[in-house]
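Just so it is clear: in the sequence shown, position 94 is 94 by full-length UniProt numbering, and no numbers are missing.
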Amino acid sequence: MQVKSRHHLRADEIDDLEATIAAGTGVDLDGDTYEMVELADEPFDVVLVDGDPDVVRFDGGEAFLTVRGANRNEVTTGIVTVDSGAISFVSDGADVMRPGIVDADADISEGDLITIAEETHGKTLAIGRALVEGSEMVGESGKVVESIHHVGDDLFEFSV
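(1) Quick one: is the Cβ of serine 159 within less than 7 Å of any heavy atom of the ligand HEM?
(2) Kindly indicate the opening and closing residues of the alpha helix (DSSP H) around glycine 69.
(3) Considering only residues of the same chain and omitting the five flanking positions on each side of glycine 26, which have a CB-CB separation below 7 Å?
(4) Quick check for students: name the residue ranges of the beta strand (DSSP E) that lie wholly in the segment 8 to 39, counting only runs of 3 or more.
(5) Short check: CB of alanine 63 to CB of isoleucine 21, under 8 Å?
(6) Answer yes if the segment 142 to 158 comes into contact with the segment 93 to 100, meaning at least three C-beta pairs across the two stretches below 8 Å, and no otherwise.
(7) Around the C-beta of proline 53, are 16 or more other C-beta atoms found within 10 angstroms, so that it is buried, or is it exposed?
(8) Assuming leucine 65 contacts valine 55 under a Cβ cut-off of 8 Å, what Cβ separation, rounded to an integer in Å, is found between them?
(9) According to DSSP, is leucine 125 helix, strand or coil?
(10) Over the uninterrupted beta strand (DSSP E) stretch that includes aspartate 45, give me the two end residues.
(11) Can you round the beta-carbon distance between glutamate 118 and leucine 125 to whole angstroms, since I take them to be within the 8 Å contact cut?
(12) Which one of Asp30, Gly69, Val46 has the shortest CA to CA distance from lysine 123?
(13) If distances are taken between C-alpha atoms only, which option among Ile127, Asp92, Glu18, Asn71 comes closest to valine 47?
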């Protein structure tokens, strides 16, 4: 990944970012420094919170926690939990199917960015986009979450 530019966020940008992350994940970011890293060859940019790549800003400006950011903080909303049989698939970037889901936040709306966690330790494996409401995720068949960032992908491996 080639860095196009880096700059510190203004106070109003930080306020907006913190409010967006809190609304989507329940996480209250409490960083001292926020630095935007714009990438030349990727469909996303990274926000470093105290030097850690905790936030991603997708094309269109949507901000959400990275997998590392979700695991560094305690996400309380927008969580889909998968069983142990789904871990290897989700960790490799597969979309999430109903049979692998053991729990989903009922407040998830179609189109929301969500965290995908494993049931044993609650670790975040991926970030995805909900294809259905949270109340409709548990079931017998069908794809319900599109994976957009996962353990081991380029964003997960990003460092500056």
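In this text, a Cβ means the ideal position worked out from N, Cα and C, and glycines have one as well.
Answer, in terms of the structure:
(1) With respect to small molecules bound, the structure shown includes none, and the ligand HEM cannot be examined in it.
(2) Reading the sequence shown from its first residue, position 69 is the one you call residue 69. Note, glycine 69: alpha helix (DSSP H), 67 to 72.
(3) Along the sequence shown, read from residue 1 onward, the residue named residue 26 stands at position 26. Result list for glycine 26: Val75, Thr76, Thr77, in chain order.
(4) 34 to 39
(5) Start at 1 with the first residue of the sequence shown, and residue 63 comes out as number 63. Start at 1 with the first residue of the sequence shown, and residue 21 comes out as number 21. Yes, the Cβ-Cβ distance between alanine 63 and isoleucine 21 is below 8 Å.
(6) yes
(7) One-based indexing of the sequence shown puts residue 53 at position 53. Proline 53 should be labelled buried.
(8) On the sequence shown, position 65 is the one that residue 65 refers to. On the sequence shown, position 55 is the one that residue 55 refers to. Indeed they touch by this definition, with Cβ atoms about 6 Å apart.
(9) As a working mapping, residue 125 is identified with position 125 in the sequence shown. If DSSP states are grouped into helix, strand and coil, leucine 125 belongs with the strands.
(10) Here residue 45 refers to the residue found at position 45 of the sequence shown. 44 to 49 is the span of the beta strand (DSSP E), which, as asked, contains aspartate 45.
(11) Here residue 118 is taken as the residue at index 118 of the sequence shown, counted from 1. Here residue 125 is taken as the residue at index 125 of the sequence shown, counted from 1. Glutamate 118 to leucine 125, Cβ: 6 Å. Contact.
(12) Numbered from its first residue, the sequence shown carries residue 123 at position 123. Of the listed residues, the one whose Cα sits closest to lysine 123 is Gly69.
(13) Locating residue 47 in the sequence shown gives position 47, where the first residue counts as 1. Among Ile127, Asp92, Glu18, Asn71, the Cα nearest to that of valine 47 belongs to Glu18.
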